[in-house]
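Taking my numbering, the leading residue of the sequence shown gets 15, the next gets one more, and so forth.
These notes concern the structure reproduced below.
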Amino acid sequence: MRLSRYFLPILRETPKEAEIVSHRLMLRAGLLRQESSGIYAWLPLGKRVLDKVCAVIREEQDRSGAIELLMPTIQSAELWRESGRYDDYGKEMLRIKDRHERDMLYGPTNEEMITEIFRAYVRSYRDLPRNLYHIQWKFRDEVRPRFGVMRSREFLMKDAYSFDIDQDGARHSYNRMFVAYLRTFERLGLRAIPMVADTGPIGGNLSHEFIILADTGESEVFGHEDYLTKTIPSADVDFDDRAGLQSIVDDWTSLYAATSEKHDETAFAEVPEAKRLSARGIEVGHIFYFGTKYSEPMNAVVTGPDGKDVPVHMGSYGIGPSRLVAGIIEASHDDAGIIWPEGIAPFQVGIANLKVGDAATDAACQTIYDGLKKAGVDVLYDDTEERPGAKFATMDLIGLPWQVIVGPKGLAGGTVELKNRKTGEREQLSPESALARLAG
15 MRLSRYFLPI LRETPKEAEI VSHRLMLRAG LLRQESSGIY AWLPLGKRVL DKVCAVIREE
75 QDRSGAIELL MPTIQSAELW RESGRYDDYG KEMLRIKDRH ERDMLYGPTN EEMITEIFRA
135 YVRSYRDLPR NLYHIQWKFR DEVRPRFGVM RSREFLMKDA YSFDIDQDGA RHSYNRMFVA
195 YLRTFERLGL RAIPMVADTG PIGGNLSHEF IILADTGESE VFGHEDYLTK TIPSADVDFD
255 DRAGLQSIVD DWTSLYAATS EKHDETAFAE VPEAKRLSAR GIEVGHIFYF GTKYSEPMNA
315 VVTGPDGKDV PVHMGSYGIG PSRLVAGIIE ASHDDAGIIW PEGIAPFQVG IANLKVGDAA
375 TDAACQTIYD GLKKAGVDVL YDDTEERPGA KFATMDLIGL PWQVIVGPKG LAGGTVELKN
435 RKTGEREQLS PESALARLAG
């Protein structure tokens, strides 16, 4: 993509309303624009990152055996009355009426709707287990939206829902998601610690929040330092191996880890002093097992092996891709701007032409640009008339992993400069070598 043809509205000044690093950088780098309180438009650069985050989430959900569908944002209030949550949910739920005066709502979550879909089609235990997920926009009318997309009113959510014949099967489904989440966050460049958590309005008695550490985290968290170096399950993990998955979950829950709401000073004191971890944390995922909380009142039953109807056991599993983008920035930035992990960067490479109009410089940039595109590398070519200093600042601000800096002085010596955004390391390479390195 040529920057001269792209839509990238960079802000030189930090907006006053931005309270934390991710909010400031997302506005300055042209990822977002606020349209109203807690509601944001995702601009082209931000949309590219959001799509790549969703792609990683999809791959790991599919790998675990979950099946994607897509549910609507608007739901009937009758479903929520069946479950008993319509009046209990509170003012966060946006309640509306259609032209026929029917009660509707903008979905804050989808337990009721997925239960209705399941009960319409599944009749026998032989059709279990099932895990259905979608990636869809949600709305919760926060009392005080803040921190940009970290706590917004409209947000993108991956929510999965498992259905099993009994508690034992449901626990295996829970473990599948537990392991899938460990892999997902690792691939997004994050180290997420699973912590025992409150179930809140979702309900149930088993729940873990996945927390990343960041100075600007919303709350204090406590844990064992060894969580920062534990080995993440590999891509070939067998999700059908019940004992194997349970051993992974047992290992990842064997050490102390708790949010402030669940913190136990006595238990924390048993952690060796040198290993005690106390920091700020950001929730990036939340998983729940809630048994028959929804299936019983909504009559989501299957015929069991003995011929009797039984309510299914359910769980739900959420990751907020829009919130994750902010979380990644909180965990990976410096004074100059964002530092994207390579797998989700909007572009892997940025080319800075330091003298547009110079024949040799233009030709070298074009050759590298064409070569990277042919190799399938996402590349942003700054072919604008901006000053070199402004181009450097933009490249650092938007955080592309690699920068190729091309100017007449370097080309006179047969080289271009290759900069690693994360480490700051710079190399002088021939244009051909730089292309080979990045395209390989």
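Where a beta carbon is used, it is the ideal one built from N, C-alpha and C, also for glycine.
For T129, the three-state secondary structure derived from DSSP is helix.
For Q150, the uninterrupted beta strand (DSSP E) run begins and ends at 144-153, by DSSP. By a beta-carbon distance limit of 8 angstroms, K172 contacts Y147. Their separation comes to about 6 angstroms. Assignment of Q89 by DSSP, reduced to helix, strand and coil, places it in the strand class. Taking C-beta separations shorter than 6 angstroms and ignoring five residues to either side along the sequence, the partners of E126 in its chain run L93, W94, S97, following chain order. With respect to the 8 angstroms criterion, L25 and L41 are classified as neighbours on the basis of their beta carbons. A residue is called buried once 16 or more other Cβ atoms fall within 10 Å of its Cβ, and Y135, having fewer, is exposed. Put simply, the backbone Cα of E232 is about 45 angstroms away from that of P445.
Distances from the alpha-carbon of T198 to those of G334, G424, H347, A389 put G334 closest.
For K66, the closest C-alpha among the options L202, T245, I226 is that of L202.
By alpha-carbon distance to D117, the top candidate from R140, G104, I88, I131 is I88. Within the segment 334-400, the complete alpha helix (DSSP H) runs of at least 4 residues fall at 335-345, 373-388.
If you ignore the 5 residues before and after G318, its C-beta comes within less than 8 angstroms of the C-beta of Y139, I179, V324, all in its own chain and listed in chain order. In terms of Cβ geometry, A359 and P415 form a close pair [threshold 8 angstroms]. If the five residues before and after Y195 are omitted, its C-beta is found closer than 6 angstroms to the C-beta atoms of F224, G299, all from its own chain and listed in chain order. The segment 270-278 makes no contact with the segment 182-192, as fewer than three CB pairs between them are under 8 angstroms.
The closest CA to that of R294, considering only V339, S166, L108, E344, is found on E344.
Looking at the DSSP output, N434 bridges to W416.
Distance from the CA of Q362 to the CA of V391, rounded to the nearest whole angstrom, comes to 7 angstroms. Of F177, P86, M85, A271, the smallest CA-CA separation from R133 is found for F177.
The C-beta of R99 has 16 or more other C-beta atoms within 10 Å across all chains shown, which makes the residue buried.
If only complete runs of 3 or more residues are kept, the segment 215-272 shows the beta strand (DSSP E) at 220-227, 233-238, in order along the chain. In this structure, L386 lies away from G421, with their beta-carbon atoms at least 8 angstroms apart.
By DSSP's assignment, F177 forms a beta bridge with R144, M328. Straight-line spacing of the CA atoms in W266 and E27 works out to 43 angstroms.
Residue pairing of V210 in beta bridges, as defined by DSSP: H222, A272. Judged by their CB atoms, A340 and S51 are not nearer to each other than the 8 angstroms cut-off.
Rounded to the nearest whole angstrom, the C-alpha separation of N434 and L411 is 14 angstroms. Closest in alpha carbon position to G428, among A374, F406, R451, is A374. Within the same chain, S51, G52, I53, F153, R154, D155, E156, P159 come within 8 angstroms of R167 by CB-CB distance, once the 5 residues on both sides are set aside.
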